[in-house]
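Working notes, beginning with the structure itself.
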């Protein structure tokens, strides 16, 4: 895609939109050109000033590195020190020149300097949005370079203009040391020239020259990166959320270009826990921006209003070494389970309260596609609930929606409520809204949610996190969640007598070896299950086939139903017999059957296999951040960890599971390997 560009600006700015500075009344605006010897030159400047600018540009042209804007910092009370031990990642084989600086999310510089109550001038006259600037912290130094410590003020963000000229890491590290020496001298010279000429733009000479270099590198032959990597140390006691955004620089495009004509922005929320964090975003996630060939920016904005304190060890577009490529290309986030949409100017054109609205073309197809893949759909909207639901009903969309949240409260509250009612993690949600304020509010308040603008709507079915397989289970997933709601309402009628409720549900469990047509569902379970994933492991489809072909282990699927409907296949188990011990190597169960004694029923059924005497059951349980529910099941069954790391126990065939679950089982060997 080619985008018409306006004439180049004479001085690049630090805001997300390039600043345009007023011309001095009696001077021509300096403009870059090339002198006869090929070095940069300016028109509108004296010959002496022009020679100085050219010399400094040549000096900076040797600086091809990842640079933090250290030269504008001011003394810090006390720089952070590592409170937790950590091992930083090894250097990538190549990385890009990125100049990271202090920016404002609401910037309209320089016009805002006179009117904004938050404006505080730095040494170069620009606005200070970091409490101490970008502070060089030597306590986190690596490769001879300090880390960048930032205390964000309100509206502050750290931002760089991207380029895809990837250089060897060794060259980059050496160039960074050169830059650290050159930039202060360049700025001193620029400040002196500013005083002599009365032209304030000379005060940010080093930044302008480095930005010019960045533009040249963008025009050079590009090497597509594997990933964007952020290594960040959080010195605080609580997690900090950052919104990572990448977007086309509109200042270099035709001002009449419509949003849908440009590559869609990339947004992702990063949750940085106390201590060392490393986040990798595969290049495929922002591949549209790479392939378009347009200038784009990368920004990190804290979710908190102000006061977030972080130490940036590395912020790089990288080409990984051979050992790291596989890791970099793996998904940075789990597959999404639910997409939540705004209504006004997102699903439909117009504002419902202001009159008629029109459904956007393709929305029905998007809903059908997501529904077939088993992706749940909901809405969060600031509207009158009755009016909005009536409109959704008229448009034929209401039946697709689960637990819509429509009212006048913060949208982040609605997003959290939907996740809670669906019993899924917020990191498995995608939120789509046309309003940047609402996106920022949700991203800052809901950990892990991915936020997208409405311009992403029409390519949503291509999103890498929404590529769920189309199976019998996926087509029925919405119905299963509706059945779950009916169960919850029935459970409430039984009050505290939960066992009586389960008996009334008439739960049936079929436990059998897998069949060939179970392949897709097994792959879903082993890749998506978190809460009741006992081993904590996840498998690729080719690994599943190898597991099913393993002659040392038996594999089983669990299918459940009750008086309210069919759950479908909800579990996958790998087991083996070692003498009188039944060993459960892997067990993944859908959270839809959590608390229904299916685990106990499965253990009892396998332990009763004809021809086997089972004296104890050993379960391979490995704790993760999200499988506490699996450990709670084993604790309730009084399983105890042994020195070999397994949890041992036994189940009573006449226990609670025998009262509430009717098991139908078969022992025939599986038709494996599944092909």
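Residue numbers (the UniProt record's numbering): 1 to 675. Where a beta carbon is used, it is the ideal one built from N, C-alpha and C, also for glycine.
- With a cutoff of 8 Å on beta-carbon distance, residue 651 and residue 603 are scored as near each other.
- If you check the CB distance, residue 120 and residue 135 do not come in under 8 Å.
- Inter-residue distance for residue 285 and residue 242 is about 17 Å (C-alpha atoms, whole angstroms).
- DSSP places residue 577 in the strand class (E or B) of the three-state scheme.
- Straight-line spacing of the CA atoms in residue 454 and residue 262 works out to 13 Å.
- Residue 420: not part of any beta strand (DSSP E); member of the alpha helix (DSSP H) spanning 411-422, first to last residue.
- In this structure, residue 663 places its C-beta atom within 8 Å of the C-beta atom of residue 601.
- Between the alpha carbons of residue 537 and residue 575 lies a distance of about 15 Å.
- Residue 646 is positioned such that its CB atom lies closer than 8 Å to that of residue 618.
- In terms of Cβ geometry, residue 387 and residue 352 form a close pair [threshold 8 Å].
- Around the beta carbon of residue 640, fewer than 16 other beta carbons lie within 10 angstroms, which makes this residue exposed.
- The beta carbons of residue 656 and residue 597 sit closer together than 8 Å.
- Membership of residue 389 in any beta strand (DSSP E) is not indicated; the residue belongs instead to the alpha helix (DSSP H) covering 385-394.
- Straight across, the Cα-Cα distance linking residue 293 with residue 250 is about 13 Å.
- Secondary structure of residue 428 (DSSP, three-state): helix.
- Residue range 598-607 is occupied by the alpha helix (DSSP H) that includes residue 599.
- Contact between residue 89 and residue 137 is absent: CB atoms are separated by about 18 Å, not below the 8 Å threshold.
- DSSP places residue 561 in the uninterrupted beta strand (DSSP E) bounded by 554-562.
- Here DSSP, grouped into helix, strand and coil, assigns residue 236 to coil.
- The C-beta of residue 666 has fewer than 16 other C-beta atoms within 10 Å across all chains shown, which makes the residue exposed.
- DSSP assignment within the region 593-665 yields the following whole alpha helix (DSSP H) runs of 4 residues or more, N-terminal first: 598-607, 628-636, 656-660.
- Burial is judged here by how many other beta carbons sit within 10 angstroms of a residue's own beta carbon; residue 231 has at least 16 and is buried.
- DSSP, reduced to helix, strand and coil, places residue 295 outside both helices and strands of the structure shown, so it counts as coil.
- Going by DSSP, residue 520 is part of the alpha helix (DSSP H) stretching over 519-528.
- A Cβ-Cβ distance of about 5 Å is found for the pair residue 229 and residue 316, placing them in contact under the 8 Å criterion.
- Using a 10 angstroms sphere on the CB of residue 202, the tally of other CB atoms reaches 16 or more, which defines it as buried.
- In terms of CA proximity to residue 310, 158 leads the group 165, 158, 319.
- 8 Å or more divides the Cβ of residue 614 from the Cβ of residue 637.
- From the listed residues 154, 523, 431, the smallest Cα separation to residue 127 is found for 154.
- Taking a 10 Å sphere around the C-beta of residue 514, we find 16 or more other C-beta atoms and assign the residue as buried.
- One alpha carbon belongs to residue 389, the other to residue 419, and they sit about 20 Å apart.
- Pairing residue 83 with residue 479, the inter-Cα distance amounts to about 49 Å.
- Listed in chain order, the non-local C-beta contacts of residue 442 below 7 Å within the same chain comprise 411, 412, 415, 431, 449, 451, local neighbours out to five positions each way being set aside.
- Looking at the backbone, the Cα of residue 269 and that of residue 444 are separated by about 8 Å.
- Ranked by Cα distance from residue 521, the first of 505, 468, 594, 566 is 468.
- Residue 245 is classed as buried because its beta carbon has at least 16 other beta carbons within 10 Å across all chains shown.
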